[in-house]
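Below is one structure, written out as structure tokens; comments come after it.
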Amino acid sequence: MSFHAAIFDLDGVIADTARLHLQAWRQLAKELQLPWNDAMEEGLKGLERMASLEVILGHRSPDFTDGEKVALASRKNDCYRALIETLSPADLLPGAGELLHWLRSRHIPIGLASASKNAPAVLNALEIADCFTYIADPSAAAPKPAPDIFLAAATGLAAEPAVCLAFEDAAAGVDAIQAAGMTAVGVGDRNALQNADHLLNSLVEFEPERFFSAHNTPSPISASIA
Ligand code: B16
Ligand code: MG
Numbered sequence: 032m033s034f035h036a037a038i039f040d041l042d043g044v045i046a047d048t049a050r051l052h053l054q055a056w057r058q059l060a061k062e063l064q065l066p067w068n069d070a071m072e073e074g075l076k077g078l079e080r081m082a083s084l085e086v087i088l089g090h091r092s093p094d095f096t097d098g099e100k101v102a103l104a105s106r107k108n109d110c111y112r113a114l115i116e117t118l119s120p121a122d123l124l125p126g127a128g129e130l131l132h133w134l135r136s137r138h139i140p141i142g143l144a145s146a147s148k149n150a151p152a153v154l155n156a157l158e159i160a161d162c163f164t165y166i167a168d169p170s171a172a173a174p175k176p177a178p179d180i181f182l183a184a185a186t187g188l189a190a191e192p193a194v195c196l197a198f199e200d201a202a203a204g205v206d207a208i209q210a211a212g213m214t215a216v217g218v219g220d221r222n223a224l225q226n227a228d229h230l231l232n233s234l235v236e237f238e239p240e241r242f243f244s245a246h247n248t249p250s251p252i253s254a255s256i257a
């Protein structure tokens with residue numbers, strides 16, 4: 032099978048920003064004197080911001096009004112924004128920069144399907160924003176495992192889902208890719224990602240020649256949330 036477009040999740044696939052999300056959530060949990068449970072960490076991967084807050088609050092959730100929860104999520108986000116300012120190209124996960132440049136040099140359209148509203152800032156800090164043909168807007172899409180964000184990325188790339196190869200580190204993301212009718216490459220934890228069509232420990236193992244043939248014409252840069 033030769034694919035025509037590549038779609039990437041961000042956190043955990045391109046950069047290890049999951050540790051920064053966790054650092055910011057852990058800080059909030061400490062301030063609120065909430066218990067922190069290491070087993071929660073895998074479950075937070077790929078979850079959107081308010082859903083993550085509910086996991087952190089746990090049984091204390093009813094103690095907070097909706098307005099207070101928005102303020103808590105915003106406090107966590109301020110902490111996360113400060114942390115991502117420290118990112119640089121050295122924080123790209125192994126193989127990510129090389130794969131993006133391989134795809135770009137062959138004019139293969141590249142999309143981003145991240146749940147993170149901070150994705151454009153992260154791509155800028157990593158100095159890879161130019162590699163992306165289209166960045167799907169997570170605020171206009173139902174959260175993973177719904178297929179919406181991957182379908183939005185495919186539409187932005189003008190590619191049929193069946194010819195899109197998509198990369199994810201979270202089980203909910205793999206489910207979203209497959210619900211979108213795309214082929215899923217799971218990157219990371221083999222136990223969590225066993226439903227993926229292909230499994231990799233890291234992008235270093237990925238052999239792009241097996242999946243893509245070069246496009247003859249440059250892919251246009253489409254509108255995006257960046
Ligand atoms: P934000 P991904 C996800 O990004 C993260 O994995 C998840 O931990 C985070 O809560 C979510 O983005 C929302 O991020 O608060 O920055 O909008 O893995 O889908 O790239
Ligand atoms: Mg992820």
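Numbering (the numbering used here), first residue to last: 32 to 257. Glycine residues also receive a C-beta, built at the ideal position from the N, C-alpha and C atoms.
So does Lys76 have its beta carbon nearer than 7 Å to some heavy atom of the ligand MG? yes
With distances taken between CB atoms, is the gap from Ala82 to Val194 smaller than 8 Å? no
Using DSSP's beta-bridge definition, name the partner residues of Thr265. Lying before the first or after the last residue shown, residue 265 is absent from the chain, which here runs from 32 to 257.
Among Gln225, Leu224, Ala215, Asn232, which has the Cα closest to the Cα of Phe242? Ala215
According to DSSP, simplified to helix, strand and coil, what is Asn247? Confidence at Asn247 is low in this model, with a pLDDT of 49, below 50, so the placement of that residue should be treated as unreliable; the coordinate-derived value is given next. Three-state result, Asn247: coil.
Would the C-beta of Asp40 count as close to the ligand MG, meaning under 7 Å from any of its heavy atoms? yes
Are three or more beta carbon pairs between the segment 218-227 and the segment 201-209 nearer than 8 Å? yes
Starting from the C-beta of Leu53, find all residues in its chain whose C-beta is less than 8 Å away, skip the five residues before and the five after it, and write them out in chain order. Glu72, Leu75
Just checking, does the segment 81-100 make contact with the segment 132-143 on the three C-beta pairs under 8 Å criterion? no
How is the beta strand (DSSP E) around Ile45 delimited, first residue to last? Ile45 -> no beta strand (DSSP E), and no H or E assigned at all.
Tell me the DSSP secondary structure of Phe39 in three-state form. strand
Helix, strand or coil for Gly219, going by three-state DSSP, please let me know. coil
Just to confirm the assignment: which complete alpha helix (DSSP H) runs, minimum length 4, are found wholly within the segment 102-168? 127-136, 150-157
Rounded straight-line distance, which links the Cα of Arg221 to that of Trp67: 25 Å
heavy atom of the ligand MG below 7 Å from Gly43 C-beta: yes
The alpha helix (DSSP H) that contains His52, what's its start and end? 49-62
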